[in-house]
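These protein sequence lines are chains A and B, in that order. Going by my numbering, the first sequence opens with residue 1, and the numbers climb by one from there. Going by my numbering, the second sequence opens with residue 1, and the numbers climb by one from there. Just so you know, even glycine gets a beta-carbon here, dropped at the ideal spot from N, CA and C. Single-structure report; data block below.
Number of protein chains: 2
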Amino acid sequence: MGRWEPDARGRMIAAAMELYAERGFEQTTAGDIAERAGVTERTFFRHFADKREVLFDGSDVMAKAVYDAVVSAPDGASPLDAALAGAAATSAFLEDRRDHAVRRARIVAATPSLQERELLKMAALTETVTEALRSRGVEEPAAGLAAHGAIAVFQVAFRRWAAEAEPPGFADCVADAADSFRALC
Amino acid sequence: MGRWEPDARGRMIAAAMELYAERGFEQTTAGDIAERAGVTERTFFRHFADKREVLFDGSDVMAKAVYDAVVSAPDGASPLDAALAGAAATSAFLEDRRDHAVRRARIVAATPSLQERELLKMAALTETVTEALRSRGVEEPAAGLAAHGAIAVFQVAFRRWAAEAEPPGFADCVADAADSFRALC
DNA sequence: GTCTATAGGGCGATAGAC
DNA sequence: GTCTATCGCCCTATAGAC
């Protein structure tokens, strides 16, 4: 056992989730989070660029997995199918954490400033999928449009998965949303 | 002529565009903008909720036009076609202001925090289109997915229209992007 | 760790329009 | 007189600099 309690980062994330849920994002100061986590305010800002970022830990790990899933989709897959393979890959990060995902989504939905950050991450993910498609030889504008479509499918799937009392698995929600998307055209 | 110069709001918007372009968003304080516009910092914040919002004046007027266009699309139009009518309606706000739109887009693209706000407006616009589709009797998830598709088409169309040296009209860019989108499925 | 500039909210005073 | 825009000063928290 070292000089500090272990997992300061995890404690800060947990403390932030609690406080944002209890009293709201704006009513929570960085100092409040640090205090509950047993660190100084300065330590909080060394781990997280800003107060929002604490709710987006690990989003680049998921982005990497999405990229790999798109790149390694079957050779014959259409641009849309390859992009949708990326959407499906997110289920590994959500399937067994529904409670946490729903609580987090509730906090984000209640706070415009957190929605903005979430949308920026989604836009970055769209860019990631676009890049992965281009590495498969897909040209613009098809690459960008297929990526946007896959992200829309993901969002619609997540909303249903979070809202329903007894939802099917997340992967099934993605598959259903993908079918609805294909039916559009 | 009264005590104050008229159109303080317009002067603040112009001053902000200039300063954000000259020295960047972060390097510009609200006081700088206010000073150049001949008002106090406090007046700036009375007109705009925050430093970002000054670049999004009139976005709700456009949202209203988009809503109306979707609602009044032909009776037989598919959900996607109705949503795309909304995307086409934005051309009235852009067609004759390419220079301004491009300068503004350049500033936004250079600043993550402005991108976040832009994405929030786009998400709100997606919600607007979704609502308009629902008022036409379109059910979820088709409404949300068609709305996302139309917004993607808009964004792809805008990017091309802004990037090309001698682009066709914005309406043509939307039509071309819509064709590419339909080809996805 | 300390120090500081800036964002952005609260509030009362003031000056004009009506 | 009322209503509204602007001002000026006070405040705290964020987040960057040192």
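Residue i versus residue j - alpha carbon distance
i	j	result
residue 56 of chain B	residue 63 of chain B	12 Å
residue 163 of chain B	residue 20 of chain A	41 Å
residue 120 of chain B	residue 39 of chain A	33 Å
residue 84 of chain A	residue 180 of chain B	17 Å
residue 47 of chain A	residue 9 of chain A	7 Å
residue 134 of chain B	residue 41 of chain B	42 Å
residue 157 of chain A	residue 24 of chain B	38 Å
residue 94 of chain B	residue 5 of chain A	57 Å
residue 177 of chain B	residue 154 of chain B	8 Å
residue 98 of chain B	residue 70 of chain A	35 Å
residue 82 of chain B	residue 175 of chain B	13 Å
residue 49 of chain A	residue 72 of chain B	46 Å
residue 77 of chain A	residue 171 of chain A	19 Å
residue 28 of chain B	residue 15 of chain B	11 Å
residue 159 of chain A	residue 113 of chain A	19 Å
residue 166 of chain B	residue 122 of chain A	31 Å
residue 124 of chain A	residue 58 of chain A	14 Å
residue 33 of chain B	residue 92 of chain A	48 Å
residue 105 of chain B	residue 96 of chain B	15 Å
residue 136 of chain B	residue 103 of chain B	36 Å
Of the residues the options, the one placed nearest residue i, counting alpha carbons only
i	options	result
residue 60 of chain B	B/126, B/165, B/142	B/126
residue 130 of chain B	B/179, B/147, B/119	B/147
residue 26 of chain B	B/122, B/182, B/103, B/111	B/111
residue 22 of chain B	B/107, B/81, B/96, B/31	B/107
residue 7 of chain B	B/32, B/28, B/44, B/29	B/44
residue 169 of chain A	A/152, A/90, A/71	A/90
residue 68 of chain B	B/76, B/49, B/50, B/88	B/88
residue 152 of chain B	A/151, A/49, A/145	A/145
residue 100 of chain A	A/122, A/136, A/161, A/143	A/161
residue 183 of chain B	A/167, A/143, A/32	A/143
Expected contact under 8 Å - CB spacing of residue i and residue j to nearest Å
i	j	result
residue 79 of chain A	residue 138 of chain A	5 Å
residue 66 of chain B	residue 128 of chain B	6 Å
residue 219 of chain B	residue 37 of chain B	The displayed coordinates of chain B run from 1 to 185. Any statement about residue 219 of chain B would go beyond what the structure contains.
residue 185 of chain B	residue 173 of chain A	Not really, about 19 Å apart at Cβ, beyond 8 Å.
residue 117 of chain B	residue 35 of chain A	In fact, because the Cβ distance is near 31 Å, the residues do not count as touching under 8 Å.
Near the ligand PLP: residue i beta-carbon under 7 Å from a heavy atom
i	result
residue 157 of chain B	The ligand PLP is not part of the structure shown, which contains no ligands of any sort.
Environment of residue i [buried if 16+ CB atoms lie within 10 Å]
i	result
residue 109 of chain A	exposed
residue 141 of chain A	buried
residue 52 of chain A	buried
residue 86 of chain B	buried
residue 150 of chain B	buried
residue 30 of chain B	buried
residue 132 of chain B	buried
residue 2 of chain B	Low local confidence applies: a pLDDT of 38 at residue 2 of chain B is under 50, so the model's placement there is unreliable, with the coordinate-based value given in what follows. By the 10 Å Cβ count, residue 2 of chain B comes out exposed.
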